[in-house]
Amino acid sequence: MKSISNLRDYVVSMLSNMIRINSENPPGREDEIASYVAERLAELGLKAWIDRFQGRANALGSIKIGDGRKIMLISHLDTVPAGEKELWRIPPFSGIVKDGRVYGRGAADAKGCIASMLGCLKSLADEGWPINGEIIFAAVADEESENRGVRRLIAQGVKADYAVVGEPTNLNVCIAHRGSIFLRASFIGKAAHSSKPEKGVNAVYAASEYALRIEKLSKRFKIKHKLLGKPSLAVTIFRGGVKDNVIPDRCELIINRRTLPNEDLETIVNRLRDLAEKVSEKRRIKAAVKIDRYLPASETDRNEEIVKAGLRAVSKVLGKRARPRGFQALCDMTFLVHKANIPCIILGPGRLEEAHVIDEWVGIDQLVNGSRIYYELIMDLIGSR
């Protein structure tokens with residue numbers, strides 16, 4: 003593998019340059035950074051191209067040497083918005099290097115992962131690609147919203163024997179992640195003048211009671227996953243009322259339920275509908291609960307080769323025994339597992355605690371070690387030496 007100092011300079015340069023390219027989602031502006039990544043892939047000798055669709059863009063590359071197995075490295079180009087930039091001590095699109103860290107929106111989630119993956123590919127290129135198999139690289143759009151990038155990739159028929167999903171796992175090998183259900187609960191009452199509230203049916207009161215029942219339910223979970231812990235449940239949006247002198251006849255809640263592998267969707271939704279029905283009967287109000295969006299949790303068997311290779315690579319580079327972990331957030335792994343049937347691990351530099359926050363950062367040592375781990379993993383699975 004190339005020298006650590008050269009690798010360090012390369013990955014830091016890649017990350018700083020990518021941070022300077024604003025790819026906030028919304029609105030979704032991946033085209034410029036997709037072009038940048040595709041150019042870097044071509045420089046390394048991969049067949050590289052940009053797939054533009056619906057105003058979005060995926061950056062893709064592949065290299066095949068021999069007839070061995072196929073491994074995919076995948077992460078995402080988009081970031082959450084930086085928010086109020088004046089709150090940042092370090093400008094969010096500066097890519098400043100300071101005190102052993104690279105700062106900026108996307109440093110941890112997940113441009114740091116892309117930089118480490120590029121560092122791995124650079125090391126393999128410098129050694130003349132000592133592999134027997136194929137490496138697919140995919141930097142996809144829209145992971146932070148509707149996952150249109152990975153959906154597009156799967157719809158195009160991508161196949162691989164293994165996949166490594168780049169997310170900030172603090173260089174832990176994560177083999178399971180939570181799923182997410184977004185539900186919309188609507189309460190419909192009767193409007194009235196606020197001077198005569200008894201003439202109406204206040205939908206806000208009913209919705210409020212429902213929200214408090216959800217809070218109680220969220221504290222009573224008995225199920226637990228060995229890597230992910232308990233599921234979670236929360237009201238995240240509350241909308242009601244049209245004017246300050248009108249009894250509100252409609253109120254709407256958005257509920258987010260984070261799920262564990264093997265939980266039953268119908269059972270979860272029916273429980274929340276039963277709660278709404280109890281409130282509606284008590285308050286003589288109409289209620290409905292429907293699913294807005296559902297992305298299931300997924301888990302890879304720890305006996306899969308990609309898991310074993312990932313653990314060996316982390317143990318070798320970091321010098322300590324690695325154990326499988328769980329990833330608390332949702333990511334593109336759900337599509338690769340459930341739609342493309344590709345065994346996956348989630349692995350990358352940075353901590354989830356640094357994602358989506360003001361003054362987001364990633365440690366340079368983690369970036370370098372991330373490249374080394376990806377390199378060792380690939381050499382383990384398809385190396386020709």
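In the numbering used here, the protein residues as written are 3 to 387.
C-beta: ideal position from N, C-alpha, C; glycine also.
Residue 254 is bridged by DSSP to 188, 241.
Around the C-beta of residue 199, fewer than 16 other C-beta atoms lie within 10 Å, and the residue is accordingly described as exposed. Per DSSP, residue 108 lies in no alpha helix (DSSP H) and is assigned neither H nor E. As far as DSSP is concerned, residue 333 takes part in no beta bridge. Distance from residue 31 to residue 37 at the Cβ level is roughly 12 Å; contact not present, criterion being Cβ atoms closer than 8 Å.
The three-state reading of DSSP puts residue 98 in coil, since its state is none of H, G, I, E or B. In the three-state reduction of the DSSP assignment, residue 365 falls in the strand class, which pools E and B.
Assigned with DSSP and collapsed to three states, residue 53 falls in strand. Excluding residues up to 5 positions away in sequence, 132 lie with their Cβ nearer than 6 Å to the Cβ of residue 387 in the same chain.
Contact annotation, residue 352 with residue 108: C-beta distance approximately 10 Å; criterion of less than 8 Å not satisfied. At least 7 Å separates the beta-carbon of residue 209 from that of residue 74. Between residue 284 and the set 254, 307, 191, 342, the nearest pair of CA atoms involves 191. Look at residue 9 here: in three-state DSSP terms it is helix. When DSSP states are grouped into helix, strand and coil, residue 205 belongs to the helix group. Residue 135 places its beta carbon 7 Å or farther from that of residue 308. For residue 35, the uninterrupted alpha helix (DSSP H) run begins and ends at 33 to 45, by DSSP.
Between residue 342 and residue 19, the alpha-carbon positions lie close to 32 Å from each other. Straight across, the Cα-Cα distance linking residue 348 with residue 171 is about 7 Å. Distances from the CA of residue 243 to each of 306, 267, 212, 189 were compared; the closest alpha carbon is that of 189. For residue 284, the enclosing alpha helix (DSSP H) begins and ends at 267 to 285. In chain order, 59 place their CB closer than 6 Å to the CB of residue 33, counting only its own chain and leaving out the 5 sequence neighbours on each side. Rounded to the nearest angstrom, the gap between the Cα atoms of residue 306 and residue 90 is 42 Å.
Comparing alpha carbon positions, the residue from 159, 14, 322 closest to residue 344 is 159.
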